[in-house]
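See structure below.
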DNA sequence: ACCCAAATACTCCTTGACGAGTAATCGTGA
DNA sequence: TCACGATTACTCGTCAAGGAGTATTTGGGT
């Protein structure tokens, strides 16, 4: 079985897809990925790239084909994909598409700690986020339209369409939350206000004494489940 | 100035918010965060926790108040938040809410490499994802309803509402993509099919020779920008 | 009275990400 | 023609994340 940890870095998958096209040396992979704007979707830097390539070679998913030296410049090692590499690539990519994975988003973390901020500060920050999102969405729309105008098929811009869809959903969510705070409709708002009212500070987390339905009682040894 | 790198791990922020309520030792912070289901939103494990706490102490955002020893068990060091810590907490949390950050999502990576899979395999994987998403959304809906029924205010479940909104948007996107591939409406589909047709393999990335509008020509030295 | 599982409260070590650094060569404008 | 900045192609050191391990104690059943 392929160990789970080996599939942690998507950059390795990107390397495999590069070598699917033709043999390359690592630096050329980086150029190729950059030229196709993959670095917008996949973390890519030299420090990791060479490490990832070595790991793939150790796992026999790629093999060094030749090493060329032009003048006295550092030698380029050209890699090619193996049969096992082809299989691993298809399998990994299929899995990545088929199975949603838990992601730890910054904004999710922020929302989960939001009560640690006074309501008015939280509201101000939310307004800023809304504006930033509006700008970002407009820019992304423009970029997609430009790509379309240049004749780039949608097939090669699926990831930006997806990100755009997520951003729009986030904007709607932020708009709704902002309104619900301002209108006082959000339940728990009274408690929240009272913690920061002069002379308040009583009653912190009266809610937390109850059992929280979202928490599963499994996983005794591991903390993260 | 607070160095950017110091704000990389949201677990540190969670620690600060714990100590905002009352002094605690690290293990108790973990219990508290777990009891409130924060580990669903914030990566939490002991290995990181103690390192993060040490770093916060070094930055003078928290300080050790006392160390107690019960019997011969390992001693517990109880920490409290400092004034600088209070300020850092509010500032960091505000920033996290106000400024959207670039996230590298697994599915985004997968979509950006999708052409490396034959169209029919891609389609099969997408169908699987759709089903998984439908199930997950239903489960989350149930959990949120249960929490509501138990009287937990919305304020303390904002993060799951947000995740739910993202999942729904993703489901809609996947449904649309599936349909556009099946109906043949997706532009580039003909090229895609031809690469995997028997005798095909010609014309890989004819599109890539053009300048890609999504790629910004900045950042010469750094690869990731 | 005793046994075993779970909880308490950490420690340690391996991996791996990341960014800065390096050294040679190529292009280009004055 | 020649300086100088960009490009090519990688290397190295640091630092943090994460999981597995450890030693003690409490609790619950028989």
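Residue numbers (this note's numbering), protein chains in the order written: chain X, 1216 to 1440; chain A, 1216 to 1440.
Idealized CB from N, CA, C, for every residue including glycine.
Check, Outcome
"Residue 1244/A - DSSP class collapsed to helix/strand/coil", "helix"
"Supposed contact pair residue 1391/X and residue 1352/X - C-beta distance, whole angstroms, cut 8 Å", "That pair is no contact at about 16 Å."
"Given residue 1226/A as reference, the closest of 1243/A, 1250/A, 1254/A once Cα atoms are compared", "1254/A"
"Stretch pair the segment 1320-1330 of chain A + the segment 1303-1317 of chain X: three plus CB contacts closer than 8 Å", "yes"
"Residues that residue 1257/A contacts on chain X, provided the C-beta gap is smaller than 9 Å", "1319, 1323, 1324, 1327, 1328"
"Nonlocal neighbours in the same chain, by C-beta distance under 6 Å from residue 1433/A, ignoring five residues either side", "Low per-residue confidence applies at residue 1433/A: pLDDT is 38, beneath 50, and the placement is therefore not dependable, though the value from the model is reported in the following sentence. There are no such residues."
"Per DSSP, cross-strand counterpart(s) of residue 1277/A", "1296/A"
"Within chain X, partners of residue 1230/A - CB distance below 7 Å", "Residues of chain X passing the Cβ test: none, with the nearest at roughly 11 Å."
"Proximal chain X residues relative to residue 1383/A, where beta-carbon distance stays under 9 Å", "1384"
"Complete beta strand (DSSP E) runs within the segment 1299-1349 of chain X (minimum length 3 residues, chain order)", "none"
"Exposed unless 16 or more other CB atoms sit within 10 angstroms - verdict on residue 1421/A", "With a pLDDT of only 46 at residue 1421/A, under 50, the local geometry of the prediction cannot be trusted, and no value is derived from it."
"For residue 1408/A, the three-state DSSP class (helix, strand or coil)", "helix"
"N-terminal and C-terminal residue of the alpha helix (DSSP H) that residue 1375/A is part of", "1373-1397"
"Cβ-based contacts, 8 Å cut-off: residues of the segment 1365-1381 of chain X near chain A", "1365, 1366, 1367, 1368, 1369, 1370, 1371, 1372, 1373, 1374, 1375, 1376, 1377, 1378, 1380, 1381"
"Contact list for residue 1406/A against chain X, beta-carbon separation under 9 Å", "1368, 1370"
"Chain X contact for residue 1390/A (CB, 8 Å cutoff)", "no"
"Residues bridged to residue 1367/A (per DSSP)", "Answer is none; residue 1367/A lacks a bridge partner."
"CB contact check: residue 1418/A to chain X, cutoff 8 Å", "For residue 1418/A, the predicted structure reports a pLDDT of 46, less than 50, and the residue's modelled location is therefore unreliable. The matter cannot be settled from this model."
"Under the three-state DSSP convention, the category residue 1291/A falls into", "strand"
"Short-range partners of chain X found in the segment 1298-1318 of chain A, where Cβ spacing is below 7 Å", "1304, 1305, 1308, 1309, 1311, 1312, 1313, 1314, 1315, 1316, 1318"
"Separation of residue 1282/A from residue 1293/A, as counted between CA atoms", "6 Å"
"Residue environment, residue 1240/X, which counts as buried when at least 16 other CB atoms sit within 10 Å", "buried"
"Nonlocal neighbours in the same chain, by C-beta distance under 7 Å from residue 1230/A, ignoring five residues either side", "1244, 1267, 1268, 1271"
"For residue 1222/A and residue 1307/A, the rounded distance between their alpha carbons", "7 Å"
"Min CB distance residue 1234/A to chain X below 8 Å", "no"
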